[in-house]
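In this note's numbering, the protein residues as written are 119 to 345. We treat Cβ as the ideally placed atom computed from N, Cα and C, and that holds for glycine. These numbers come from a predicted model, not from an experiment. Right, one structure below, let's go through it.
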């Protein structure tokens, strides 16, 4: 049974903010409603988010122009990934909880800006899966030769730790490593690419990730135990 949501006359200005996020999450199915919900969401939180971005930018010696870019990137992430989890909210007041969630995104976007001199969200076609350590290095630090060299040394241990893992385990482990600093979970388009390439379902990805993490962590613990 198809839901005819578009026939409803929705006043987004009176909806609770968490319901706006729910509408945004259905942008694929109901793009018009999602866009209207997103416009109201931005209107509701843009002043707070820009102020927080300016505070963070000033603290890390960035300009107000950078702060505006970071604020825009924060809302771009809400539009694309909308990962707010009401059950994990740190405040009973839903708007306060959403602000705290957004502040974390602002900070993460600022850190991304410090690494790549941009916080712009890539298109889903540019969100790649990572198949080996060299790809992880290129994804993480780009063309910075010195940082590539330093990261290569650090990841040599991880590379040895992955010995004995299947290719599926390695690809899933490295892909999560690539995205874990900027995303709560891997972006949905990346998850779909993993499912297609590895011929597995979403729940299997979590199992492979858990097994790979356990394998690598046990290896690292054994190294520390031998020191």
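Three-state class that DSSP yields for residue 225 in the structure shown: On the chain shown, position 107 is the one that residue 225 refers to. Helix at residue 225.
Closest Cα partner of residue 197 within the set 152, 170, 208 and 161: On the chain shown, position 79 is the one that residue 197 refers to. Comparing Cα positions, the closest option is 152.
Proximity below 8 Å, CB of residue 290 to CB of residue 312: Numbered from its first residue, the chain shown carries residue 290 at position 172. Numbered from its first residue, the chain shown carries residue 312 at position 194. Yes, the Cβ-Cβ distance between residue 290 and residue 312 is below 8 Å.
Nearest-angstrom beta carbon gap, residue 221 and residue 170 [assumed within contact, 8 Å]: The residue you call residue 170 lines up with position 52 of the chain shown. The residue you call residue 221 lines up with position 103 of the chain shown. Their Cβ separation, rounded to whole angstroms, is 5 Å, which keeps residue 170 and residue 221 in contact under 8 Å.
Residue environment, residue 190, which counts as buried when at least 16 other CB atoms sit within 10 Å: Looking up residue 190 in the chain shown gives position 72. Classification of residue 190: buried, given that the 10 Å Cβ count is 16 or more.
Of the residues 185, 168 and 167, the one placed nearest residue 175, counting alpha carbons only: Taking the first residue of the chain shown as position 1, residue 175 is located at position 57. Among 185, 168 and 167, the Cα nearest to that of residue 175 belongs to 185.
Residue 131, enclosing alpha helix (DSSP H) - first and last residue: Taking the chain shown and counting its residues from 1, the one referred to as residue 131 is at position 13. Counting along the chain, residue 131 falls outside any alpha helix (DSSP H), and DSSP gives it neither H nor E.
Residue 191: first and last residue of the uninterrupted alpha helix (DSSP H) it sits in: If you number the chain shown from 1, residue 191 lands on position 73. Counting along the chain, the alpha helix (DSSP H) containing residue 191 begins and ends at 182 to 199.
Classification of residue 150 by the beta-carbon crowding that lies within 10 angstroms, buried from 16 upward: Along the chain shown, read from residue 1 onward, the residue named residue 150 stands at position 32. So residue 150 ends up on the exposed side.
Helix, strand or coil at residue 298 according to DSSP, with G and I counted as helix: Along the chain shown, one-based indexing puts residue 298 at 180. Here residue 298 sits in coil by DSSP.
Host alpha helix (DSSP H) of residue 162 (start-end): Here residue 162 is taken as the residue at index 44 of the chain shown, counted from 1. Here the alpha helix (DSSP H) through residue 162 covers 149 to 177.
Helix, strand or coil at residue 119 [DSSP, three-state]: If you number the chain shown from 1, residue 119 lands on position 1. Any reading at residue 119 must be qualified, since the residue scores a pLDDT of 39, below 50, and its modelled position is unreliable; no value is offered.
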